[in-house]
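Down below is the structure, laid out as structure tokens.
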Amino acid sequence: MTSLEIAREAVKAIDSKLGIKISVIKVDSVSVLADYFVIATGSGSTHVKAIADEVEYRLKQAGENASHIEGHRSDTWILLDYIDVIVHVFSDETREYYDLDRMWADGEAIDISDIITER
Numbered sequence: 037m038t039s040l041e042i043a044r045e046a047v048k049a050i051d052s053k054l055g056i057k058i059s060v061i062k063v064d065s066v067s068v069l070a071d072y073f074v075i076a077t078g079s080g081s082t083h084v085k086a087i088a089d090e091v092e093y094r095l096k097q098a099g100e101n102a103s104h105i106e107g108h109r110s111d112t113w114i115l116l117d118y119i120d121v122i123v124h125v126f127s128d129e130t131r132e133y134y135d136l137d138r139m140w141a142d143g144e145a146i147d148i149s150d151i152i153t154e155r
């Protein structure tokens, strides 16, 4: 899978678990960390974990394994590292605090309206 395909599959997984405020930022032109950041919010600790678990499951089904997962015991931020794609699942308060969308605003916002469900 390409890095964009991985990011899009992560978005589909997040959306299937009713993730909130999903965004994808292409950061390859401003950072060597990854090609894309996928950022989403869960409504609480259980929701954050359920979203992260679904992303991990769906990408594993597609043949992609996370190289590293941080915060699985946390109830506020779980990071799934797929080398070229980093998925961040936050609680609302933690997302506001770290504000990655603003921090990486120099990256390119990717339109995902074709794959997320409007609520």
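Residues 37 to 155 in this note's numbering are what the sequence shown lists, from first letter to last.
Where a beta carbon is used, it is the ideal one built from N, C-alpha and C, also for glycine.
Inter-residue Cα distance where the pair is residue i and residue j
i	j	result
I42	Y133	26 Å
E90	G78	12 Å
I114	D150	25 Å
L141	I58	At residue 141 the sequence reads Ala, which differs from the Leu that was named. When rounded, the distance between both Cα atoms is 15 Å.
D128	M37	30 Å
S67	D135	17 Å
A24	A76	Residue 24 falls outside the range modelled here, since the chain spans only 37 to 155, and no answer is possible.
A93	I50	Going by the sequence as given, residue 93 is Tyr instead of Ala. Their backbone Cα atoms lie some 11 Å apart in a straight line.
D64	V123	15 Å
G160	R138	Residue 160 is absent from the model: the chain starts at 37 and stops at 155.
E45	T112	22 Å
Exposed unless 16 or more other CB atoms sit within 10 angstroms - verdict on residue i
i	result
A54	Strictly speaking, residue 54 in this sequence is Leu, with Ala absent from that position. L54 is exposed by the Cβ-count criterion.
L69	exposed
I152	exposed
G143	buried
D71	buried
E154	exposed
H104	exposed
R131	buried
R33	Since the first residue of the chain shown is 37 and the last is 155, residue 33 is not available in this structure.
Those residues which DSSP pairs with residue i across a bridge
i	result
S127	G78
C-beta contact flag for residue i and residue j at 8 Å
i	j	result
A102	D117	yes
V84	V47	no
I61	A145	yes
D120	S39	yes
Heavy atom of the ligand NAP within 7 Å of residue i beta-carbon
i	result
K62	This structure lacks the ligand NAP; in fact it carries no ligand of any kind.
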